[in-house]
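J.: To start, I am sharing the structure in question, which I have written as structure tokens.
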Amino acid sequence: MMSSNAYLVLSAVLFGIGIAGLLIRRNPLVMFMCIELMLNAVNLSFVAFSRSLNDAAGQVVVMFVLVVAAAEVVVGLGLIVAIMRRRPGADADALSMLRG
Amino acid sequence: MVGTQLVQQVTFVIAAMIAIAGAIGVIAFRNTVHNALSLVATLFGVAVLYVAQGAYFLAAIQVIVYAGAIVVLFLFVIMLLGVDRVEALAAERRPAVVAVGSALGASLAILVLVAVLARGATPTGARSVAAVVDEARDIGVLGSLLFTRYVFAFEITSLLLTIAVVGAVVLSRRPDGEPIDAGEFPGDDEPLDLGGMESE
Numbered sequence: 000m001m002s003s004n005a006y007l008v009l010s011a012v013l014f015g016i017g018i019a020g021l022l023i024r025r026n027p028l029v030m031f032m033c034i035e036l037m038l039n040a041v042n043l044s045f046v047a048f049s050r051s052l053n054d055a056a057g058q059v060v061v062m063f064v065l066v067v068a069a070a071e072v073v074v075g076l077g078l079i080v081a082i083m084r085r086r087p088g089a090d091a092d093a094l095s096m097l098r099g
Numbered sequence: 000m001v002g003t004q005l006v007q008q009v010t011f012v013i014a015a016m017i018a019i020a021g022a023i024g025v026i027a028f029r030n031t032v033h034n035a036l037s038l039v040a041t042l043f044g045v046a047v048l049y050v051a052q053g054a055y056f057l058a059a060i061q062v063i064v065y066a067g068a069i070v071v072l073f074l075f076v077i078m079l080l081g082v083d084r085v086e087a088l089a090a091e092r093r094p095a096v097v098a099v100g101s102a103l104g105a106s107l108a109i110l111v112l113v114a115v116l117a118r119g120a121t122p123t124g125a126r127s128v129a130a131v132v133d134e135a136r137d138i139g140v141l142g143s144l145l146f147t148r149y150v151f152a153f154e155i156t157s158l159l160l161t162i163a164v165v166g167a168v169v170l171s172r173r174p175d176g177e178p179i180d181a182g183e184f185p186g187d188d189e190p191l192d193l194g195g196m197e198s199e
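These protein sequence lines map, in sequence, to chains Y and U.
The first sequence begins at 0 in numbering that gives the first Met the number 0 and counts up by one.
The second sequence begins at 0 in numbering that gives the first Met the number 0 and counts up by one.
In structure tokens, the structure reads:
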């Protein structure tokens with residue numbers, strides 16, 4: 000069995016790539032994919048900790064994260080469809096009117 | 000024993016390379032469809048790593064739910080909106096923003112890397128709070144935890160999914176009124192209508 004350090008490092012790299020993409024890209028769909036990437040990185044480290052601590056609760060948490068991610072994608076894509084219908088080709092910067 | 004360890008290490012390296020290459024593809028490709036397909040590669044690599052750690056059920060739902068449902072939903076929206084053309088180069092970020100974003104992402108990864116390497120010690124696997132990981136009856140352990148210790152979270156999850164479905168239906172209905180910024184939120188003055196076809 001590989002040590003959990005390798006999994007944690009890979010998880011950190013995936014999370015960093017996700018954050019960089021979220022900050023760099025302006026297409027709302029790609030920003031959503033980067034959020035999925037970050038959620039996956041966290042899931043990977045949950046499973047690695049579940050393995051190394053010998054506690055199945057980490058895998059249960061991964062299931063809950065999966066459900067929340069699915070709900071988030073459904074609502075987020077609904078928002079993107081509603082926005083794009085009103086302003087075709089809008090990017091994240093064009094939506095600054097949503098700022099509080 | 001040495002052979003098994005070598006196989007595990009080779010599996011890890013290949014799956015990690017697939018996952019990282021897919022993640023870089025998600026943020027680097029210009030075409031949105033290519034981004035979504037790169038995301039599939041990352042999800043598949045992570046699923047292989049789940050299998051390598053004995054989380055077989057999670058690997059299965061990772062492939063079925065993430066790669067099978069969520070990415071297909073992304074592709075549907077991409078095709079529906081017609082944004083699958085290559086983005087114009089002028090629409091991209093300035094180099095300073097790219098540098099700052101990349102530096103933030105890299106610094107976070109390096110921070111965790113340093114923390115893991117400095118900590119060094121791996122847990123012994125001696126303690127277990129909820130239930131012991133058992134590869135042979137993976138689904139059984141998960142299911143009994145879900146319906147005993149985490150049953151309230153599980154029920155709240157069903158509520159969350161219902162709210163998400165209702166929200167998606169309400170959000171994606173076509174507004175009836177003026178097209179420019181009048182009636183910003185369509186459909187909140189009438190009861191939910193699962194068909195939603197008569198307004199067209």
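Where is the CB? At the ideal position from N, CA and C, for every residue including glycine.
Note that the structure is predicted; figures quoted are calculated from it, not measured.
Would you say A30/U reaches chain Y, if we count a Cβ-Cβ gap shorter than 8 Å as a contact?
T.: The amino acid at residue 30/U is misidentified as Ala; the sequence shows Asn. Chain Y, which has no Cβ nearer than 8 Å to the Cβ of N30/U, makes this no.
J.: Taking the alpha helix (DSSP H) that S143/U belongs to, which residues open and close that run?
T.: Note, S143/U: alpha helix (DSSP H), 137–146.
J.: For G20/Y, which residues in the same chain have their Cβ closer than 6 Å to its Cβ, ignoring the five residues on either side in sequence?
T.: Excluding residues within five positions, the ones whose Cβ falls inside 6 Å are C33.
J.: Secondary structure at V131/U, three-state DSSP: helix, strand or coil?
T.: It is coil, neither helix nor strand.
J.: Taking A47/Y and L7/Y to be in contact with their CB atoms under 8 Å, please state how far apart those CB atoms are, rounded to whole angstroms.
T.: Yes, A47/Y and L7/Y are in contact; Cβ-Cβ is about 6 Å, under 8 Å.
J.: Compute the Euclidean distance between the alpha carbons of R24/Y and G24/U, then round it to the nearest angstrom.
T.: Rounded to the nearest angstrom, the two C-alpha atoms are 12 Å apart.
J.: List the residues of chain U whose Cβ lies closer than 7 Å to the Cβ of A5/Y, in chain order.
T.: Those within 7 Å of A5/Y in chain U are F11.
J.: Beta-carbon separation of L79/U and A35/U under 8 Å?
T.: For L79/U and A35/U, no; Cβs fall outside 8 Å.
J.: Going by alpha carbons, who is nearest to A98/U out of I82/Y, S95/Y, L22/Y, I79/Y?
T.: Ranking I82/Y, S95/Y, L22/Y, I79/Y by Cα distance to A98/U puts L22/Y first.
J.: Give a yes or no on whether the minimum CB-CB distance between V29/Y and chain U is below 8 Å.
T.: Yes, V29/Y counts as interfacial toward chain U.
J.: Which residues in the same chain as I18/Y place their Cβ atom closer than 8 Å to its Cβ, once the five residues preceding and following it in sequence are excluded?
T.: C33, M37.
J.: Any beta carbon from chain U within less than 8 Å of L43/Y's own beta carbon?
T.: Judged by the 8 Å Cβ criterion, L43/Y is in contact with chain U.
J.: Does L76/Y pass the burial test, meaning 16 or more other C-beta atoms within 10 Å, or should it be called exposed?
T.: It counts as buried.
J.: For Y55/U, is the classification buried or exposed, using 16 other Cβ atoms within 10 angstroms of its Cβ as the cut-off for buried?
T.: Label assigned to Y55/U: exposed.
J.: Kindly say whether L94/Y, judged by its beta-carbon, lies nearer than 8 Å to any beta-carbon of chain U.
T.: Not an interface residue.
J.: Does the Cβ-Cβ distance between R50/Y and V39/U come in under 8 Å?
T.: Against a cut-off of 8 Å, the Cβ pair of V39/U and R50/Y comes out as no contact.
J.: Give the secondary structure of N42/Y by DSSP, where H, G and I count as helix, E and B as strand, and everything else as coil.
T.: Looking at N42/Y - three-state DSSP - the assignment turns out to be helix.
J.: Please list the terminal residues of the continuous alpha helix (DSSP H) segment that includes F63/Y.
T.: Per DSSP, F63/Y belongs to the alpha helix (DSSP H) from 56–85.
J.: Helix, strand or coil for P185/U, going by three-state DSSP, please let me know.
T.: Here the model assigns P185/U a pLDDT of 48, short of 50, so the residue's position is not dependable and the matter cannot be decided.
J.: Express the C-alpha separation of L170/U and I16/Y in angstroms, rounding to a whole number.
T.: Distance between the alpha carbons of I16/Y and L170/U is about 30 Å.
J.: Less than 8 Å between the CB atoms is what I'm expecting for F153/U and L145/U, so what's the real figure, rounded?
T.: Yes, they are in contact, since the Cβ atoms of F153/U and L145/U sit about 5 Å apart, within 8 Å.
J.: Starting from the C-beta of M30/Y, find all residues in its chain whose C-beta is less than 8 Å away, skip the five residues before and the five after it, and write them out in chain order.
T.: Closer than 8 Å at the Cβ level, and outside the excluded window around M30/Y, lie G20, L21, R24, A91.
J.: What did DSSP end up calling R50/Y once you bin it into helix, strand or coil?
T.: Helix, per DSSP.
J.: For V96/U, count neighbouring C-beta atoms within 10 Å of its own C-beta (all shown protein chains included) and say buried if the count is 16 or more, exposed if not.
T.: Per the 10 Å Cβ criterion, exposed.
J.: To the nearest angstrom, report how far apart L103/U and V6/U are at their CA atoms.
T.: The straight-line gap from Cα to Cα measures roughly 35 Å.
J.: Would a check of beta-carbon distances place A55/Y closer than 8 Å to chain U?
T.: Yes, A55/Y counts as interfacial toward chain U.
J.: Please report whether the beta-carbon of A18/U lies at a distance below 8 Å from any beta-carbon of chain Y.
T.: Chain Y contact via Cβ: present.
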